[in-house]
Amino acid sequence: MDQFALDAIARITTRPPEVYDTITVSPLTPLTGAEVSGLDLSKELTDHQIAEVKRAFLTHHVLVFRDQTLSGADHKRFAGHFGELHPVEPPPEEGDPYILEVVATKDSKAVAGAGWHADGTADAEPSLGSMLHVTRTPELGSGGDTLFANMHLAYESLSPAIRTLLDDLTAVHDGLIAWQGHTPPPGYVVAKSEHPVIPRHPETGRKLLFVNGAYTSHIPQLSRAESKAVLEMLYAHVATTPMLHVRVRWEPDTLVFWDNRCVQHHATWDYFPHSRFGRRVAINGTRPRA
Numbered sequence: 267m268d269q270f271a272l273d274a275i276a277r278i279t280t281r282p283p284e285v286y287d288t289i290t291v292s293p294l295t296p297l298t299g300a301e302v303s304g305l306d307l308s309k310e311l312t313d314h315q316i317a318e319v320k321r322a323f324l325t326h327h328v329l330v331f332r333d334q335t336l337s338g339a340d341h342k343r344f345a346g347h348f349g350e351l352h353p354v355e356p357p358p359e360e361g362d363p364y365i366l367e368v369v370a371t372k373d374s375k376a377v378a379g380a381g382w383h384a385d386g387t388a389d390a391e392p393s394l395g396s397m398l399h400v401t402r403t404p405e406l407g408s409g410g411d412t413l414f415a416n417m418h419l420a421y422e423s424l425s426p427a428i429r430t431l432l433d434d435l436t437a438v439h440d441g442l443i444a445w446q447g448h449t450p451p452p453g454y455v456v457a458k459s460e461h462p463v464i465p466r467h468p469e470t471g472r473k474l475l476f477v478n479g480a481y482t483s484h485i486p487q488l489s490r491a492e493s494k495a496v497l498e499m500l501y502a503h504v505a506t507t508p509m510l511h512v513r514v515r516w517e518p519d520t521l522v523f524w525d526n527r528c529v530q531h532h533a534t535w536d537y538f539p540h541s542r543f544g545r546r547v548a549i550n551g552t553r554p555r556a
């Protein structure tokens, strides 16, 4: 681990621990992720409870809630405390327009979320975050973990020279990249947007890295070869720097809430031909700004 990474870790881990009144927050790593206990998400929560969850969310970026038996209405009510719900795109032919069924079985040819990415970054206003509630885990008893990577730390652990290069650049995010090998439904308009490579988090003001292999096509301020080299370097940085990562192990009735603005995630498909079932609700976000 180089000195830039060590310095970035030191700035975070020397902060005083957060104190909560109504919930227990147990960090998964010193840098990213926490398990939250003391709440039944099927019940109405108090304003103070919601405020503490929001504070934990901004601190840890990935929150894990265990033993949550939720209806679709419960799931959407909890998500609604953080903003307007983001509809599923493309819209489902039937079912709830705000609940995405996340299913993998022995008949699946691929799974949603494989490969490092943030959700929907080709949208003009990518989602604030997502809540995935897994109700059934693989029959063999394990597998299907999700990895999350901290994009604040991804930026802060780069050298000052690379941070200076990236600070004024933008990147084009093209939804067609995610559709490769598939055909979008008739009439569905595939999103394409240009966002800062290094925006600031809209609530904390902290800088973060905002490119990913699932959606980012190129950096228009650079030549094609330069853009490819820089992006591949950044993708490798995210994928191969363990200190950026936290691994969430799924159990039945676990809900995970992640900040799509400042983390990427990678669904591990290591349980074929077994099955996993879950439901995801997303929350509207805002346009990334430098």
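In my numbering, the protein residues as written are 267 to 556.
The beta-carbon is built from N, C-alpha and C at its ideal position, and this holds for glycine as well.
Let me confirm a value: residue i is counted as buried when at least 16 other C-beta atoms fall within 10 Å, else exposed. Which label applies?
i: LYS494; result: exposed
i: VAL285; result: exposed
i: LEU442; result: exposed
i: TYR454; result: exposed
i: MET499; result: exposed
i: ARG555; result: exposed
i: LEU497; result: buried
Using 7 Å as the threshold, is the C-beta distance between residue i and residue j below it?
i: GLY545; j: HIS399; result: In the sequence as displayed, the identity of residue 545 is Arg instead of Gly. Yes. Within cutoff.
i: TYR537; j: LYS473; result: no
i: THR470; j: LEU324; result: yes
i: VAL354; j: LEU336; result: no
i: SER483; j: ASP433; result: no
i: ILE485; j: HIS352; result: no
i: PRO363; j: PRO451; result: no
i: HIS418; j: CYS528; result: yes
i: ALA415; j: LEU510; result: yes
i: SER459; j: ALA390; result: yes
Comparing C-alpha positions only, which one of the options sits nearest to residue i?
i: GLN334; options: LYS309, GLU318 and VAL328; result: LYS309
i: THR597; options: PHE348, HIS461, SER337 and LYS372; result: With the chain running from 267 to 556 in the structure shown, residue 597 is simply not present.
i: ASN526; options: PRO282, HIS448, ARG402 and SER393; result: SER393
i: GLN530; options: LEU406, VAL463 and ASP385; result: ASP385
i: SER374; options: HIS540, GLY381, VAL456 and VAL522; result: HIS540
i: THR520; options: VAL302, ASP287 and PRO282; result: VAL302
i: TRP524; options: VAL456, PRO518 and ALA300; result: ALA300
i: THR401; options: LEU419, GLU391, VAL369 and TRP382; result: VAL369
i: HIS532; options: ALA505, VAL319 and LEU424; result: ALA505
Which class does residue i belong to by DSSP, given the choice of helix, strand or coil?
i: PHE538; result: coil
i: ARG332; result: coil
i: SER493; result: helix
i: LYS342; result: helix
List the DSSP bridge partners of residue i.
i: GLY395; result: ASP525 and ILE549
i: ASP440; result: LYS458
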